[in-house]
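FYI, UniProt numbering numbers position 58 of the sequence shown as 58, with every residue one higher than the one before it.
Before any comments, here is the structure.
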Amino acid sequence: MAVESAYTINNLNEKTNAEIEGFLKKSKEELFNLRFQNATGQLENPSRLKTVKHDIARMYTVLRERELGITVEPAAAEVKDESESKAKKAKATKTQSDETKTEEK
Numbered sequence: 001m002a003v004e005s006a007y008t009i010n011n012l013n014e015k016t017n018a019e020i021e022g023f024l025k026k027s028k029e030e031l032f033n034l035r036f037q038n039a040t041g042q043l044e045n046p047s048r049l050k051t052v053k054h055d056i057a058r059m060y061t062v063l064r065e066r067e068l069g070i071t072v073e074p075a076a077a078e079v080k081d082e083s084e085s086k087a088k089k090a091k092a093t094k095t096q097s098d099e100t101k102t103e104e105k
């Protein structure tokens, strides 16, 4: 009975570096706790150790690929922020032009 991973390569490639580093920290804490449970004989699912180790390796791999330029960090959040800022600028420009028109009258 294999334990399924929540962090697949496709899922990790869609995340930013900061998000992956957060997942990495959580996974390391989980591995630490699993090792203690294993040492005290309380671990119910020993295959979870292997799965968490593989998840950590997968995260390091994605981060290293980005560092080497093999893959690129997704810019979805940046694109969204840019489009919002453009909309705000356009709205501000429109209100400024409306104010100038009323002053000219």
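Built from N, CA and C at the ideal position, the CB exists for glycine as well.
The structure presented is a predicted model; accordingly, all values stated were derived computationally and were not measured.
C-alpha of residue 24 to C-alpha of residue 69: approximately 20 Å in a straight line. The shortest C-alpha to C-alpha distance from residue 57 to any of 35, 31, 37 is the one to 31. Residue environment: residue 40 is assigned as exposed (fewer than 16 neighbouring CB atoms within 10 Å of its CB, all protein chains considered). Contact between residue 34 and residue 52 holds: their C-beta atoms lie close to 6 Å from each other, under 8 Å.
Taking C-beta atoms as the reference points, residue 21 and residue 74 fail to come closer than 8 Å.
For residue 37, the enclosing alpha helix (DSSP H) has its first and last residue at 17-40. In the same chain as residue 60, and ignoring 5 residues on each side of it, the C-beta atoms closer than 8 Å to its own belong to 24, in chain order. Sixteen is the threshold: since fewer than 16 other Cβ atoms of the shown chains lie within 10 Å of the Cβ of residue 47, the residue is exposed. Around residue 12, the same chain offers 20, 58, 59, 62 as residues with beta carbons nearer than 7 Å, after the five sequence neighbours per side are excluded.
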